[in-house]
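S.K.: Structure in structure tokens, see below.
Numbering (the working numbering), first residue to last: 15 to 331.
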């Protein structure tokens, strides 16, 4: 892909845009993925394509699920297009919303499917002459998807990690569950997680952990646990931006530090008072945080799109 001839920041400092949205789709294996491609309304001569990858669970292309609507990814897309003139693709993950699969079985889903899907979107738009660079931007679990897909696809020009963990998921789960379990239960749970991390299904699952370790979920967990974010990011030879917020109650800033330790040339930005859904809040109070998770009218943390745009201006320059 051709490099930028002029820094993007020079271009966007004197321009503002409205956007057009196109519903797009891509068939990868048994799944037809659906997404939204947003671009400047009046067209563009040269720009980047940012592909947004949602986090874990039933999170859709906009950053929402059935219980919480915050529109975080849609808001980020809107600002990157309307203010900075980029093109942005956001899509429903395999099995979610409009990317649902007929007769879908949870046990058939693999983390590798998410990686393959992200890579397939890259291939769809690579080298078509429209984009200077293609950037994978993953939020939370999507960070590891973006990093891993970039390792497998030479058409990815840069990676952006938004609130991305720096440890394997089983290590994170041990820490999260330790806060709510007795010492005895911690030992049992840790042993179960270690079994899954070794690639083996569990013979028995504690009832209290059925929602997390149900037999139909275990194959996906096993496939996810194979990937160590720190090890994966160390393989990348392309520019990387790491972003975390200081009031994120799900992924601590220290996780970003672990990623940079493995990728010392990565750009690291800590955004004050930004939480996990990329909104501004000054407290880590659980109740207030969860309330904000369900408020689509609360705007995005102002600094986030500025940080991303500045980084994009350096990619391929």
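For every residue, glycine included, the Cβ atom is placed at its ideal position computed from N, Cα and C. Note that this is a predicted model, so its numbers are computed, not measured.
Would you decide whether residue 305 is buried or exposed? Buried here means 16 or more other CB atoms lie within 10 Å of its CB.
M.R.: The residue in question, residue 305, is exposed, as its Cβ has fewer than 16 Cβ neighbours within 10 Å.
S.K.: Just checking my contact of residue 183 with residue 213 at CB under 8 angstroms: how many whole Å lie between their CB atoms?
M.R.: The pair is not a contact, with the Cβ atoms about 14 angstroms apart (cut-off 8 angstroms).
S.K.: Give me whichever residues DSSP pairs with residue 104 in a beta bridge.
M.R.: 50, 66
S.K.: Going straight from the alpha carbon of residue 167 to that of residue 223, what length do you get?
M.R.: 36 angstroms
S.K.: Apply the 10 Å Cβ neighbour rule to residue 129 and answer buried if 16 or more other Cβ atoms are within range, or exposed otherwise.
M.R.: buried
S.K.: Run the CB neighbour count on residue 261, radius 10 Å, all protein chains shown included, and call it buried at 16 or more, exposed below.
M.R.: buried
S.K.: If you reduce the DSSP assignment to three classes, tell me which class residue 314 lands in.
M.R.: strand
S.K.: Across which residues does DSSP place residue 152 in a beta bridge pair?
M.R.: 67, 175
S.K.: With DSSP as the reference, identify every bridge partner of residue 40, one or two as the case may be.
M.R.: 47
S.K.: Do residue 175 and residue 254 have their C-beta atoms closer together than 9 angstroms?
M.R.: yes
S.K.: For residue 330, tell me which candidate among 148, 112, 41 has the shortest Cα-Cα distance.
M.R.: 148
S.K.: Measure the alpha-carbon distance for residue 106 versus residue 121 and round it to whole angstroms.
M.R.: 19 angstroms
S.K.: Within 10 Å of its beta-carbon, does residue 333 have 16 or more other beta-carbons around it, so buried, or fewer, so exposed?
M.R.: This structure cannot settle anything about residue 333, because the visible part of the chain is limited to 15 through 331.
S.K.: Distance check for residue 160 and residue 135, CA to CA, integer angstroms please.
M.R.: 11 angstroms
S.K.: Hey, out of 57, 313, 308, whose CA is closest to residue 82's CA?
M.R.: 308
S.K.: From residue 44 to residue 90, what distance separates their C-alpha atoms?
M.R.: 30 angstroms
S.K.: Are the CB atoms of residue 280 and residue 231 nearer to each other than 9 angstroms?
M.R.: No, these two residues do not count as a Cβ contact at 9 angstroms.
S.K.: How about residue 108 and residue 66: are their beta carbons less than 9 angstroms apart?
M.R.: no
S.K.: Alpha carbon to alpha carbon, how far is residue 162 from residue 151?
M.R.: 12 angstroms
S.K.: Starting from residue 302, trace the alpha helix (DSSP H) both ways and give me its first and last residue.
M.R.: 300-307
S.K.: Just to confirm the assignment: which complete alpha helix (DSSP H) runs, minimum length 4, are found wholly within the stretch 176-226?
M.R.: Within the stretch 176-226, the complete alpha helix (DSSP H) runs of at least 4 residues are 183-192, 197-211.
S.K.: Pick helix, strand or coil for residue 84, following the three-state DSSP scheme.
M.R.: The three-state reading of DSSP puts residue 84 in coil, since its state is none of H, G, I, E or B.
S.K.: Within a Cβ cutoff of 8 angstroms, which residues of the same chain sit near residue 32, ignoring the five residues on either side of it in sequence?
M.R.: 54, 55, 56, 96
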